[in-house]
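Trainee: Structure provided below as structure tokens; questions to follow.
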Amino acid sequence: MRKYIAFIILFICFTTQSQEEKEELKVYSFNEIEKLNKQIPKPIVVFIHTDWCKYCFAMKKNTFNNNEVIKALNDKFYFVFLNAESKKDITFLNHTFKYKPTGNNTGVHQLANELAGIKNRISYPTTTILNSKFEIDILKNGYINSKKMLFILKKYNTTYSNF
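Okay, so the sequence shown: first residue is 0 according to numbering that gives the first Met the number 0, each after it adds one.
Below, the structure is given as structure tokens:
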């Protein structure tokens with residue numbers, strides 16, 4: 000009986016040790032990014048989404064839970080989730096951006112419109128990459144899977160990055 004208990008305890012120890020620890024995605028606010036960027040300039044990835052968008056939800060669940068994507072974002076970028084329908088004011092680059100209603104229970108945040116709008120229209124989700132000077136370098140509409148996101152992040156680092 001003791002042999003079985005010892006075997007079970009040993010088995011549990013090995014299985015818990017062998018499980019890979021998942022790195023957590025570091026998510027920042029725009030206020031934090033402004034401060035951090037003064038110390039360590041990095042490009043910024045902004046994921047613009049809504050609560051009702053099924054593709055946004057899928058990207059949060061799949062793309063931004065992928066270990067390789069998390070590592071790439073944490074190592075080389077600052078990352079922000081921006082809810083395009085958030086009613087909170089956001090101060091960024093000495094400007095306060097506000098939620099602007101567009102009808103009954105609908106509206107768009109001004110900052111989302113600035114970062115994702117093309118001809119005053121936004122599609123969800125949108126992923127925007129800003130350089131360390133806060134200029135838009137890349138704007139991608141639609142669902143991006145983990146493999147494509149990794150490709151975009153790596154290509155960005157080799158094409159745009161000079162740090």
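For each residue, glycine too, the CB sits at the ideal point set by N, CA and C.
Going by C-alpha distance, which of Glu134, Leu92 and Tyr159 is nearest Glu33?
Mentor: Checked all of Glu134, Leu92 and Tyr159; the closest Cα to Glu33 is Leu92.
Trainee: For Asn64, tell me which candidate among Lys21, Phe76 and Thr95 has the shortest Cα-Cα distance.
Mentor: Cα-wise, what sits closest to Asn64 is Lys21.
Trainee: Report yes or no: do the segment 64–74 and the segment 98–118 share at least 3 C-beta pairs separated by less than 8 Å?
Mentor: No, they do not touch.
Trainee: Any idea if Ala57 is buried or exposed, counting beta-carbon neighbours within 10 angstroms, 16 or more meaning buried?
Mentor: By the 10 Å Cβ count, Ala57 comes out exposed.
Trainee: Give me the residue from Thr49, Tyr155, Asp74 and Gln38 with the minimum Cα distance to Val26.
Mentor: Considering only alpha carbons, the answer is Asp74.
Trainee: Less than 7 Å between C-beta atoms, sequence neighbours within five positions excluded: which residues of the same chain meet that for Ser211?
Mentor: It is not possible to answer for residue 211, since the shown part of the chain is limited to 0 through 162.
Trainee: Relative to the C-alpha of Ser122, which candidate in Leu24, Gln38, Tyr54 and Asn30 has its C-alpha closest?
Mentor: Minimum Cα distance to Ser122 is reached at Tyr54.
Trainee: Of the choices Asp88, Tyr142, Ile47 and Tyr77, whose alpha-carbon is the least far from that of Asn112?
Mentor: Taking only the C-alpha atoms, the option nearest Asn112 is Ile47.
Trainee: Please classify Phe78: is it buried, with 16 or more other beta-carbons within 10 angstroms of its beta-carbon, or exposed?
Mentor: Looking at its Cβ environment, which holds 16 or more other Cβ atoms inside 10 Å, Phe78 is buried.
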